[in-house]
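Engineer: Top line first, the protein sequences correspond to chains L and F. Under our numbering, the residues of the first sequence are numbered 1 to 318, in order. Under our numbering, the residues of the second sequence are numbered 1 to 318, in order. For every residue, glycine included, the Cβ atom is placed at its ideal position computed from N, Cα and C.
Number of protein chains: 2
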Amino acid sequence: MPERVLIYSRFPKAMMAPIAQRYDLLDSKGRPIAEVFSPQELSEVRVLISAGATPLPTDVMDLLPSLEAIICYGTGYDGIDLAEASARGIAVGHSPAANAAAVADLAVTLMLAVTRRLIPADAYVRSGDWAAAKPSPEMTPRPGNPGRRVAVYGMGAIGRKIASRAAAFETEVAYFSRSRHDVPYRYIDSLAALAEWCDVLIVAVRAGADTHHIIDADILRRLGPNGYLVNITRGSAVDEAALVAALAAGTIAGAALDVFETEPHSPNALTGFSNVVLTPHIGGHTADSHLAMQACVLANLEAAFQSRQLPYPVVTGA
Amino acid sequence: MPERVLIYSRFPKAMMAPIAQRYDLLDSKGRPIAEVFSPQELSEVRVLISAGATPLPTDVMDLLPSLEAIICYGTGYDGIDLAEASARGIAVGHSPAANAAAVADLAVTLMLAVTRRLIPADAYVRSGDWAAAKPSPEMTPRPGNPGRRVAVYGMGAIGRKIASRAAAFETEVAYFSRSRHDVPYRYIDSLAALAEWCDVLIVAVRAGADTHHIIDADILRRLGPNGYLVNITRGSAVDEAALVAALAAGTIAGAALDVFETEPHSPNALTGFSNVVLTPHIGGHTADSHLAMQACVLANLEAAFQSRQLPYPVVTGA
Numbered sequence: 001m002p003e004r005v006l007i008y009s010r011f012p013k014a015m016m017a018p019i020a021q022r023y024d025l026l027d028s029k030g031r032p033i034a035e036v037f038s039p040q041e042l043s044e045v046r047v048l049i050s051a052g053a054t055p056l057p058t059d060v061m062d063l064l065p066s067l068e069a070i071i072c073y074g075t076g077y078d079g080i081d082l083a084e085a086s087a088r089g090i091a092v093g094h095s096p097a098a099n100a101a102a103v104a105d106l107a108v109t110l111m112l113a114v115t116r117r118l119i120p121a122d123a124y125v126r127s128g129d130w131a132a133a134k135p136s137p138e139m140t141p142r143p144g145n146p147g148r149r150v151a152v153y154g155m156g157a158i159g160r161k162i163a164s165r166a167a168a169f170e171t172e173v174a175y176f177s178r179s180r181h182d183v184p185y186r187y188i189d190s191l192a193a194l195a196e197w198c199d200v201l202i203v204a205v206r207a208g209a210d211t212h213h214i215i216d217a218d219i220l221r222r223l224g225p226n227g228y229l230v231n232i233t234r235g236s237a238v239d240e241a242a243l244v245a246a247l248a249a250g251t252i253a254g255a256a257l258d259v260f261e262t263e264p265h266s267p268n269a270l271t272g273f274s275n276v277v278l279t280p281h282i283g284g285h286t287a288d289s290h291l292a293m294q295a296c297v298l299a300n301l302e303a304a305f306q307s308r309q310l311p312y313p314v315v316t317g318a
Numbered sequence: 001m002p003e004r005v006l007i008y009s010r011f012p013k014a015m016m017a018p019i020a021q022r023y024d025l026l027d028s029k030g031r032p033i034a035e036v037f038s039p040q041e042l043s044e045v046r047v048l049i050s051a052g053a054t055p056l057p058t059d060v061m062d063l064l065p066s067l068e069a070i071i072c073y074g075t076g077y078d079g080i081d082l083a084e085a086s087a088r089g090i091a092v093g094h095s096p097a098a099n100a101a102a103v104a105d106l107a108v109t110l111m112l113a114v115t116r117r118l119i120p121a122d123a124y125v126r127s128g129d130w131a132a133a134k135p136s137p138e139m140t141p142r143p144g145n146p147g148r149r150v151a152v153y154g155m156g157a158i159g160r161k162i163a164s165r166a167a168a169f170e171t172e173v174a175y176f177s178r179s180r181h182d183v184p185y186r187y188i189d190s191l192a193a194l195a196e197w198c199d200v201l202i203v204a205v206r207a208g209a210d211t212h213h214i215i216d217a218d219i220l221r222r223l224g225p226n227g228y229l230v231n232i233t234r235g236s237a238v239d240e241a242a243l244v245a246a247l248a249a250g251t252i253a254g255a256a257l258d259v260f261e262t263e264p265h266s267p268n269a270l271t272g273f274s275n276v277v278l279t280p281h282i283g284g285h286t287a288d289s290h291l292a293m294q295a296c297v298l299a300n301l302e303a304a305f306q307s308r309q310l311p312y313p314v315v316t317g318a
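1) May I ask you to list the residues that DSSP assigns as paired with Arg186 of chain F?
2) Once you ignore the five residues that flank Glu44 of chain L on each side, which residues in its own chain have a CB closer than 8 Å to its CB?
3) Of all the CB atoms in chain F, is at least one closer than 7 Å to the CB of Ser95 of chain L?
4) List, in order along the chain, the chain L residues whose C-beta lies closer than 7 Å to that of Gly138 of chain F?
5) What residue from L:Val36, L:Leu63, L:Asp81 has the CA that sits closest to Pro57 of chain L's CA?
6) For a test of your reading of the model: does the CB of Thr211 of chain F fall under 6 Å from any non-hydrogen atom of the ligand GTP? Yes or no.
7) Anyone know if the C-beta pair for Ala100 of chain F and Ala51 of chain F falls short of 7 Å?
8) Name the two residues that bound the continuous beta strand (DSSP E) containing Ile7 of chain F.
9) If you pair each beta-carbon of the region 226-239 of chain F with each one of the region 189-203 of chain F, do three or more pairs fall below 8 Å?
10) Taking all protein chains shown into account, decide if Gly254 of chain L is buried (16 or more other Cβ within 10 angstroms of its Cβ) or exposed.
11) Spatial neighbours of Pro146 of chain L within its chain, please: C-beta separation below 8 Å, excluding the five flanking residues on both sides.
12) For Arg22 of chain F and chain L, any beta-carbon pair shorter than 7 Å?
13) State the DSSP-derived secondary structure class of Tyr77 of chain F, mapped to helix, strand or coil.
14) Closer than 7 Å, Cβ to any Cβ of chain L: which residues of the region 253-271 of chain F, in chain order?
15) Where does the unbroken alpha helix (DSSP H) through Cys296 of chain L begin, and where does it stop?
16) Quick one, are the C-beta atoms of Leu63 of chain F and Ala34 of chain F less than 7 Å apart?
17) Curious, which full-length beta strand (DSSP E) runs of at least 3 residues does the region 99-168 of chain L contain?
18) Which residues of chain F have a Cβ atom closer than 7 Å to the Cβ of Tyr406 of chain L, listed in chain order?
19) At which residues does the alpha helix (DSSP H) containing Ser236 of chain F begin and terminate?
20) Take Gly128 of chain L and list the residues in its own chain whose beta-carbon comes closer than 8 Å to its own, dropping the five residues that flank it on each side.
21) Going by other Cβ atoms of all chains shown within 10 Å of its Cβ, with 16 needed for buried, is Glu240 of chain F buried or exposed?
22) Can you find a C-beta in chain L that's less than 7 Å from the C-beta of Arg319 of chain F?
23) Quick check: what's the CA-CA separation for Val325 of chain F versus Gln309 of chain F?
24) Just verifying my parser: in three-state terms, what is the DSSP assignment at Ile49 of chain L?
25) Buried or exposed: which applies to Arg148 of chain F, given that a residue is buried once 16 or more other Cβ atoms fall within 10 Å of its Cβ?
26) Taking 7 Å as the limit between beta carbons, can you name the residues of its chain near Thr109 of chain L, skipping five residues before and five after?
27) Listing by chain order, which chain L residues have their CB less than 7 Å from the CB of Phe169 of chain F?
28) Report yes or no: is there a C-beta of chain F within less than 7 Å of the C-beta of Leu118 of chain L?
29) Look up Ala20 of chain L in the DSSP assignment and say whether it is helix, strand or coil.
30) Please look up how many angstroms separate the CB atoms of Pro280 of chain F and Gly93 of chain F, rounded, as I've assumed it's under 8 Å.
31) Out of curiosity, what's the CA-to-CA distance linking Lys161 of chain F and Gly30 of chain L?
32) Can you check DSSP and say which residues form a bridge with Thr262 of chain F?
33) Inspect the beta-carbon positions of Leu220 of chain L and Ala242 of chain L and report whether they are closer than 7 Å.
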């Protein structure tokens with residue numbers, strides 16, 4: 001009889017299909033687990049799969065007295081209280097770098113699309129306005145990539161891949177992260193100075209309490225009227241109210257966002273801007289990337305049920 | 001008194017502004033010149049500016065007996081009958097490579113956008129369907145860039161820049177052109193074999209009579225159901241009816257087009273596809289690129305009026 005795994009977050013069915021072939025899934029479909037499963041069922045759960053960003057507070061851990069491992073599908077684990085997991089001897093695993101290329105690809109796609117007004121350009125052709133020779137202010141020539149100053153905030157696996165891709169467009173790349181890395185890009189020693197320097201600020205820092213709303217009104221002011229913001233990490237890193245205010249006032253040039261503070265909700269105020277590109281948290285969402293993430297999840301699950309060290313650990317268990 | 005220059009194609013006013021500062025422009029606004037100007041005015045025209053793709057047949061040359069130089073704004077000159085210009089001692093100039101980075105950037109932007117379904121992704125967020133958790137077949141994970149086979153057809157200044165940008169996304173790049181070049185990409189010795197090999201075919205060959213409809217039903221069949229077509233050169237290179245048929249039948253995966261057979265018209269049949277990205281011939285359309293093209297045009301104009309060799313020649317004049 002297969003082991004049981006609790007699916008704690010809401011996942012599309014296809015993502016869990018390879019997991020379902022080997023395990024018996026208790027799928028909460030993202031609803032509160034106490035409403036979906038009996039205390040008896042929950043008390044037997046040894047391993048769960050979460051989406052990393054989904055909050056998993058101590059009162060949820062209290063419902064799961066046999067929990068030995070939390071396996072995050074994806075790179076992030078910002079919803080998990082790591083100190084509490086550690087204190088309870090619960091191991092935490094993730095899928096490190098499995099989606100780095102896919103996320104970096106989307107980050108650069110977003111930069112290219114927003115600076116070139118790709119969404120309005122496509123709409124201009126489809127609407128017939130181009131054929132009607134109707135002038136469009138959206139189609140005014142804007143600065144191109146050569147010489148553009150691209151700032152990468154965060155120099156992990158994703159940040160490195162963003163930097164190497166962006167550099168291929170004859171841009172100048174610089175970065176800030178907590179520490180200097182052995183990379184061929186200029187290091188700027190604060191986020192504020194990085195925002196002052198750049199034309200495009202790409203947020204690729206690991207999300208957590210220390211980066212909550214780190215892109216605030218002050219950073220956006222430093223980015224300035226020719227500056228674009230691209231966010232592919234977590235919505236929590238950006239103060240969305242400040243971003244909407246900056247876009248409305250024209251104090252930044254535009255923004256491209258794959259992640260939002262309250263997903264799956266993008267602020268309604270954002271949808272009115274033409275200098276914005278919005279995608280539904282699809283950064284890691286390619287076929288190859290899902291295969292790689294599923295391989296990490298399966299390896300973590302197997303180790304967890306055998307009470308071995310997780311091969312892709314964030315927190316070592318008991 | 002400033003020299004007079006005939007503006008033969010239809011250009012946005014801003015593009016000609018730096019030219020208008022030094023020359024007196026006879027602007028046809030794209031209408032037939034015989035309808036706009038008197039025979040006397042036309043008989044005095046020594047130099048004209050054209051958009052390269054605009055047909056400039058011999059009967060137009062007949063209206064311009066004093067014509068010494070045709071200056072193309074941009075890289076292309078496929079609308080000009082070069083043999084006839086040469087026979088009449090009319091020099092032809094263009095703006096070589098001035099827009100290569102901008103065009104290559106758009107080519108790669110189009111590849112990234114169409115393979116990632118960026119247009120439907122943005123629409124999914126803006127419509128509220130994401131917030132409503134309405135499933136979208138458009139958002140199914142698809143193959144990513146690492147390992148993707150990207151084919152560049154044509155290895156001029158634009159083709160080279162496309163190849164170096166595409167390679168930064170961990171793709172495998174190959175090319176076909178009339179001759180082998182000293183570039184670090186695999187050479188495939190026919191367009192048919194290139195189309196068979198690749199996942200994405202980017203058309204960057206110089207347009208002309210020899211490349212008219214070179215992307216036809218046979219090439220599209222070889223591209224196959226997982227293959228994407230990207231065209232940033234000229235609409236004439238692609239048989240649009242065959243492309244529409246292939247998209248309708250699902251025998252190719254998608255297409256991204258900046259250029260069309262009859263501009264400014266994109267076939268209505270194309271606008272119904274979600275696996276298509278359409279842009280209004282904005283490849284070379286960045287601020288830096290226009291400055292560079294204007295500098296070429298001004299240098300060519302100055303030489304033409306001084307009866308010197310054009311600094312950026314296609315055909316040497318009398």
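Structural biologist: Reading from the atomic positions:
1) For the purposes of this step, residue 186 of chain F is taken as residue 186 along the second sequence, with counting starting at 1. According to DSSP, which records beta bridges pairwise, Arg186 of chain F is partnered with F:Ala174.
2) Along the first sequence, read from residue 1 onward, the residue named residue 44 of chain L stands at position 44. Contacts found: Arg4, Ser66.
3) For the purposes of this step, residue 95 of chain L is taken as residue 95 along the first sequence, with counting starting at 1. Not an interface residue.
4) Mapped onto the second sequence, residue 138 of chain F falls at position 138. Looking at the sequence provided, one finds Glu at residue 138 of chain F rather than Gly. Ordered by position in chain L, no residue passes the 7 Å Cβ test against Glu138 of chain F, which lies about 10 Å from the chain.
5) By one-based count along the first sequence, residue 57 of chain L stands at place 57. Residue L:Asp81 is the option with its Cα nearest to Pro57 of chain L.
6) Absent from the structure shown: the ligand GTP. Ligands present: none.
7) As a first step, residue 100 of chain F must be located in the second sequence, where it is residue number 100. As a first step, residue 51 of chain F must be located in the second sequence, where it is residue number 51. Their beta carbons are not under 7 Å apart, which means Ala100 of chain F does not touch Ala51 of chain F by this criterion.
8) Taking the second sequence and counting its residues from 1, the one referred to as residue 7 of chain F is at position 7. Where Ile7 of chain F is concerned, the enclosing beta strand (DSSP E) stretches over 4-7.
9) yes
10) For the purposes of this step, residue 254 of chain L is taken as the residue at position 254 of the first sequence. Buried, since its Cβ has 16 or more Cβ neighbours within 10 Å.
11) Residue mapping note: residue 146 of chain L aligns to position 146 of the first sequence, counting from 1. Excluding sequence neighbours, Pro146 of chain L sits near Phe169, Glu170, Thr171.
12) Start at 1 with the first residue of the second sequence, and residue 22 of chain F comes out as number 22. Cβ-Cβ to chain L under 7 Å: no for Arg22 of chain F.
13) To locate residue 77 of chain F, count along the second sequence from 1; it is residue 77. It is coil, neither helix nor strand.
14) Pro264, His265, Ser266, Thr271
15) For the purposes of this step, residue 296 of chain L is identified with residue 296 of the first sequence, where counting begins at 1. First-last of the alpha helix (DSSP H) with Cys296 of chain L: 287-305.
16) Numbered from 1 along the second sequence, position 63 holds the residue referred to as residue 63 of chain F. Numbered from 1 along the second sequence, position 34 holds the residue referred to as residue 34 of chain F. Yes; because the gap between Cβ atoms is below 7 Å, this pair is in contact.
17) 149-153
18) Only positions 1 to 318 of chain L appear in this structure, which leaves residue 406 of chain L out of reach.
19) The residue given as residue 236 of chain F occupies position 236 in the second sequence. Per DSSP, Ser236 of chain F belongs to no alpha helix (DSSP H) and is neither H nor E.
20) Here residue 128 of chain L is taken as the residue at index 128 of the first sequence, counted from 1. Excluding positions up to five away in sequence, the list is empty.
21) Walking along the second sequence from the start, residue 240 of chain F turns up at place 240. It counts as buried.
22) Residue numbering for chain F in the displayed model covers 1 to 318; residue 319 of chain F lies beyond these limits and cannot be assessed.
23) Outside the shown range of chain F, which is 1 to 318, sits residue 325 of chain F, and nothing can be said about it.
24) Taking the first residue of the first sequence as position 1, residue 49 of chain L is located at position 49. Three-state result, Ile49 of chain L: strand.
25) Here residue 148 of chain F refers to the residue found at position 148 when the second sequence is read from its first residue. Per the 10 Å Cβ criterion, buried.
26) To locate residue 109 of chain L, count along the first sequence from 1; it is residue 109. Taken in chain order, the list of residues that qualify is empty.
27) By one-based count along the second sequence, residue 169 of chain F stands at place 169. Ordered by position in chain L, the residues that pass the 7 Å Cβ test against Phe169 of chain F are Asp105, Arg165.
28) For the purposes of this step, residue 118 of chain L is identified with residue 118 of the first sequence, where counting begins at 1. Taking Cβ atoms only, chain F reaches closer than 7 Å to Leu118 of chain L, which makes this a yes.
29) As a working mapping, residue 20 of chain L is identified with position 20 in the first sequence. It is helical.
30) The count along the second sequence starts at 1 and reaches residue 280 of chain F at position 280. The count along the second sequence starts at 1 and reaches residue 93 of chain F at position 93. That belief does not hold up - the Cβ atoms of Pro280 of chain F and Gly93 of chain F are roughly 26 Å apart, past 8 Å.
31) If you number the second sequence from 1, residue 161 of chain F lands on position 161. If you number the first sequence from 1, residue 30 of chain L lands on position 30. Straight-line Cα distance between these residues: approximately 46 Å.
32) Taking the first residue of the second sequence as position 1, residue 262 of chain F is located at position 262. DSSP, once it has assigned bridges, lists F:His265 as partnering Thr262 of chain F.
33) As a first step, residue 220 of chain L must be located in the first sequence, where it is residue number 220. As a first step, residue 242 of chain L must be located in the first sequence, where it is residue number 242. Yes, Cβ-Cβ distance for Leu220 of chain L and Ala242 of chain L is below 7 Å.
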